[in-house]
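Chains A and B supply the protein sequences, listed in that same order. Number 16 in this note's numbering belongs to position 6 of the first sequence; there are no gaps in the numbering. Number 388 in this note's numbering belongs to position 387 of the second sequence; there are no gaps in the numbering. Glycine residues also receive a C-beta, built at the ideal position from the N, C-alpha and C atoms.
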Amino acid sequence: MTPNLTYVLVVGVLFAAGVTLLLERSLTRVLMGVVLLGNGANLLLLTGGRAGGPPIVGTTAQEEMSDPLPQAMVLTAIVITLGMTAFLLALAYRSWHLNGHDEVQDDVEDRRIMELADRDEGPGTADNDSPDGEPPQDPAERPVAAAGEPGRAG
Amino acid sequence: MLVLVAVHVLAAVIAPVLVRRWGRRALYLVALAPAATLGWALAHTGTVRSGIPVVETVTWVPQLGLAIALRMDTLSWLMVVLVGGVGALVLAYSARYFRSDDPGLGRFAAVFAAFAGAMLGLVVADDLLLLYVFWELTTVFSYLLIASDPTRRASRRAAMQALLVTTLGGLAMLAGFVMLGQHAGSYRWSEVADNLPGGGYLTVALVLVLLGALSKSAIFPFSFWLPGAMAAPTPVSAYLHAAAMVKAGVFLVALMGPAVADAAPWRPVLLAGGLITMFLGGWAALRQVDLKLLLAYGTVSQLGLLMVVLGAGTRDTALAGAAMVLAHAMFKATLFLVVGVIDHVAGTRDLRELGGLGRRAPALLVVAALAAASMAGLPPMAGFVAKEAAVEAFLHGGTAELIVLAGVVLGSALTVAYTLRFVWGAFADKPGVPATQAEPVRWPFLAPPAVLAVGGLAAGALAPAVDRLLAPYADRYPTGADPGYHLALWHGFTPALALSALAIAGGAGLFLLLHRGRLRPVRLPVDGSWFYDRVVGAVDRAAVELTGATQRGSLPFYLGVILVVLVVLPGGALLAGAPWPQRFKLWDTPLQAVAGAVVLVAAVAAARARRRLTAMILVGVTGYGTALLFILHGAPDLALTQFLVETVTIVMFVLVLRRLPAKFSERPIRASRRGRIALGVAVGLVTAGMAYVAAGARVATPVSVGFPDEAVSYGGGKNVVNVTLVDIRAWDTMGEIAVLVVAATGVASLIFRRSRDLGLRSNIPGVGRSESVRPRWLTTGATTRQQSVILQVVTRLLFHAIVLFSIYLLFSGHNAPGGGFAAGLVAGLALAVRYLAGGRTELNGAAPVDAGLVLGAGLFVALGTGLTAMLLGGEFLQSAVLDLHLPVLGHVHFVTSVFFDVGVYLIVVGLILDILRSLGAEMDRQQETEDVAEARTKELV
């Protein structure tokens, strides 16, 4: 099959723009990146089959038909992108509602583990030889856990 | 045998109910399960004694050659008797040990019954893989039993230690089993034993298996977990130490010994490990002040001795070992149960606080003394008979055997010493220690240990009978010229008897030396527990470092890593030598370039936009542009769907963006922004390169060449894409609509904050049955402020036409552009228009159903279509073409896959309805609530 340069160019630009947005912190931007990537990926799939007339028997002769298989795949992909867009939008709204912004924050638990690694400590979850009744070593966890609470509830 | 295992499972399941009903007395009922095992085994004594194994096979996973193959020969019979007998007695004892109001009693009874069942399965399993399954089950249940009191740190730690150590060994053992099984072509031990590999292969396999056996039986260097496990309630310890769990390793060694004893690692590992364990355990036992801990270290020592005797691998040692297993089970269970009684009646088991208990509880003393005599190897107890046999067996050998013999005698002396320490510590009058105030011991409490103690006496007295029972096992080793040793109480004045006497005298001397303070047992500087802590600590630390290094918690970082890999690997492959096509074309039609340019410009602008709305519109433009490209490609179905989806997307965006700030939050720092753009451009280049190369690389005939013919002949439709969706690749579509249902549910659960609010999805206040506003056609219902009456009326007029059109699209889709997806989107848009014109009241008027119901109905219809086809004898989702002549309609051409498409349609409608309810109506409601609250606050101020 001969490559179609228009498709190649459009796919490339959609991916470039999509990835640039995807790497942002704002969920709305991430979402728009996902939509752009979705369009790009759909076109990429479509380039796998030849172009031609609509694949409807009786309307187009079989030799002139466009390849129906990538089309069927892309069709479901389009609708799934819709579902995903809705989900991410709801996520963005939820984040805004709870935190006052729709930015993706760093994971608090991961941050805590990185701090442990910096201090060369273990997770402190093992039941060590210390006698019963000794207070668990929780105080170190408390402030971080509190920071993980939603800043603005309701 | 399988029935017996099932009985245990049943007992485990109903035990909590029984305990709730009858309290601790229910344990007597639970004890019936192991008692039945004992009875069954005793009933088969005759068969087994004549050397014929009882065999039972049930097919399990024939594809893996895995069968539930059960086999009871002499060794298994001995173990079954112990598992059942000791299990029943310990449960009967527990019925007195615990209080009815112990909160964990039901759980204890259930886990104990399951544990006994697993142990039973282990000792009768012939298939090695089955044996492994039961092996790990005993590990899990012992974990649960040891951690009976999860609020205590020591309890948790001991349980975790036991679990980690024995599981690690178990995994090694599994690897060894697989090596043996793969070589033999079967996993039945009875077959594997005849088809053993040789050389280094066998050595590695056996070392792995031994790792499992040694860790399970707490042999050095794995000894440390067993003393810790005495954090469990005393009945558990008794069972764990005497008949179950630790005996599994001993059993495995005894089972495999006759076949593999001559292989390289077998004897050295077992003899060395066993001797070291015997000394360390016995020495540590002399230091303990807690009676239970003393016994626990005693068990460690005895397990070492068992390993030595069973590992030595001759006919006579095997006989001695089997007898020793029997004797040990009885005296060790008795002694643990006695400690439990002491703990109960005296309130302590610290031998520094106990004084004069022997005079206050003489019956208890008798029971304990019987068992202790057996442990110390005094005649006429079973322990004596077994030890005599062992000494005698090692007496006639080379230098190695004599060294082992010296070790055994020394170990026996240690045993005598700590036995004396136990009896003295528990019962003797001690100067300076006030006599312990003890309650009287009731007979039902004392009966189980008494039975076991008398059993030890009987087994000693009836040594010839025991000999006849156990001899078939020993005879699996090659017998020499001489007739072989026989168990008996009295062999005359033999060297063995002299050595026994020496051990007893030496032990007594050692005890006296320690007792008078002439000798102090020192604590070894390093034990296994120390290593365990280091290893576990190091693993934890490594996990923290690794997690800290890889899990940075930042989404852009993760995505960046993935994308960089995409650029480096496939991008590198492209550069390194992909077949770049020489020929290319600029476009199929020049119009593609026009549409492409629109998409291009909009995409770049969208990436640069600062306002949400601008970005949204530009992204929309790329979508519509893509739809144009679809048309030009010759894909009308795609274009239709893309147009509709893009429109729905814009509606959704508008619904959400009205609540979010107009501009994106502050721009990221410039450096990182450049990085993002650079990565984006790199990914774009690689993808473009892949698109170019991939298109050029397609030389084979596409699979879809036959689709048009198949679509007409099998699918009964002319629209090839639609037939592909609902017929040829219907499974894909099935998966995809399932994803849609999940997404819709996710959206709803994100927006409806509390689960009870989800009820509002169908019954939003303001409309619905509760407020009886039956929306009348063409009259405005509850119009609020900014809503246009004219718009509402117009949409109501149009609504039904659009819905009708969507239904037309649904049914015509088989032969013309359309189908379930497009039709569902059209219907969804009709709903969206109603909502936009009149708010949530209008939406409820238009669709007075729960979105979840629509989604569920869709999934039901789609699945039902597939299943119906299957029930009628076809494949899942196979379609049938029906050509009917109906009286009024005339000729009807009907394909069953239409029903599947109806399911798709319903799901898409449900998805959009769900989105409108969540992102639209519920967000409105939340906003209104907040507005009202704000207004109130203002009034108050």
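Check, Outcome
"On the three-state DSSP scale, how would you describe B/W491?", "coil"
"Compare the C-beta of B/T627 against all C-beta atoms of chain A and say whether one is closer than 8 Å.", "yes"
"Taking 8 Å as the CB-CB cut-off, is B/V896 touching chain A?", "no"
"Flag this pair as yes or no: are the beta carbons of B/R699 and A/A82 separated by less than 8 Å?", "no"
"Residues of chain B with CB closer than 9 Å to the CB of A/N109, please, in chain order.", "Result: empty, since nearest Cβ-Cβ is about 11 Å, beyond 9 Å."
"Between B/K939 and chain A, is any beta-carbon pair separated by less than 8 Å?", "no"
"Of all Cβ atoms in chain A, is any one closer than 8 Å to the Cβ of B/F252?", "no"
"Could you pull out every residue in the same chain whose Cβ sits closer than 6 Å to the Cβ of B/P222, ignoring the five residues on either side in sequence?", "G529"
"Can you give me the Cβ contacts of B/P445 inside the same chain, cut-off strictly under 6 Å, excluding the 5 residues immediately before and after it?", "R97"
"If you reduce the DSSP assignment to three classes, tell me which class A/G63 lands in.", "strand"
"Pick from B/G635, B/L500 and B/F280: whose alpha carbon is nearest that of A/A53?", "For the record, residue 53 of chain A in the displayed sequence is Leu; it is not Ala. Comparing Cα-Cα distances from A/L53 to each of B/G635, B/L500 and B/F280, the minimum goes to B/G635."
"Any C-beta of chain A sitting closer than 8 Å to the C-beta of B/M331?", "no"
"How about the stretch 407-425 of chain B and the stretch 269-289 of chain B: do they share at least three Cβ pairs that are nearer than 8 Å?", "yes"
"Between which residues of its own chain and B/V646 is the CB-CB distance below 8 Å, once the five residues before and five after are set aside?", "G624 and L826"
"Mind checking whether B/V694 and B/P580 have CB atoms under 8 Å apart?", "yes"
"May I ask you to verify whether the stretch 527-547 of chain B touches the stretch 122-133 of chain A, counting CB pairs closer than 8 Å and requiring at least 3?", "yes"
"Start and end of the beta strand (DSSP E) containing B/M73?", "L67 to M73"
"Could you check whether B/V84 and B/M120 sit closer than 8 Å to each other, using their CB atoms as the reference points?", "yes"
"Using a Cβ-Cβ cutoff of less than 6 Å, which residues in the same chain neighbour B/V18 once the five nearest sequence positions on both sides are dropped?", "none"
"Since I believe B/L271 is in contact with B/M308 (beta carbons under 8 Å), could you give me their beta-carbon distance rounded to a whole number of angstroms?", "5 Å"
"Check the Cβ of B/F585 against every Cβ in chain A and list those closer than 7 Å, keeping chain order.", "T12, P13 and L15"
"Under a CB-based cut-off of 8 Å, is B/K719 close to chain A?", "yes"
"Look at the alpha carbon of B/M331 and the alpha carbon of B/R158, and state the distance between them as a whole number of angstroms.", "29 Å"
"Using 10 angstroms around the beta-carbon of B/H516, count the other beta-carbons present and answer buried if the total reaches 16, otherwise exposed.", "exposed"
"For B/V455, I'd like the list of residues in its chain whose CB is within less than 8 Å of its CB, leaving aside the five on either flank, ordered along the chain.", "L371"
"Is the beta carbon of B/G508 less than 8 Å from the beta carbon of B/A377?", "yes"
"If we count Cβ pairs, one from each stretch, closer than 8 Å, do we get three or more for the stretch 133-150 of chain B versus the stretch 41-49 of chain B?", "no"
"With a threshold of 8 Å between beta carbons, is B/R542 in contact with chain A?", "yes"
"Between which two residues does the beta strand (DSSP E) containing B/E57 stretch?", "V55 to V62"
"Decide if the stretch 316-328 of chain B is in contact with the stretch 485-494 of chain B; the criterion is three or more beta carbon pairs, one per stretch, under 8 Å apart.", "yes"
"Return the residue from the list A/I88, A/V23 and A/D116 that minimises the CA-CA distance to B/P557.", "A/D116"
"Is it a yes or a no for the stretch 198-210 of chain B touching the stretch 106-116 of chain B, going by three-plus beta-carbon pairs under 8 Å?", "no"
"Within a Cβ cutoff of 7 Å, which residues of the same chain sit near B/L592, ignoring the five residues on either side of it in sequence?", "L633"
"Any beta-carbon of chain A closer than 8 Å to the one on B/M653?", "yes"
"For B/H894, count neighbouring Cβ atoms within 10 angstroms of its own Cβ and tell me buried if that reaches 16, exposed if not.", "exposed"
"Thinking C-alpha only, which one of B/A328, B/L641 and B/H184 is nearest A/L85?", "B/L641"
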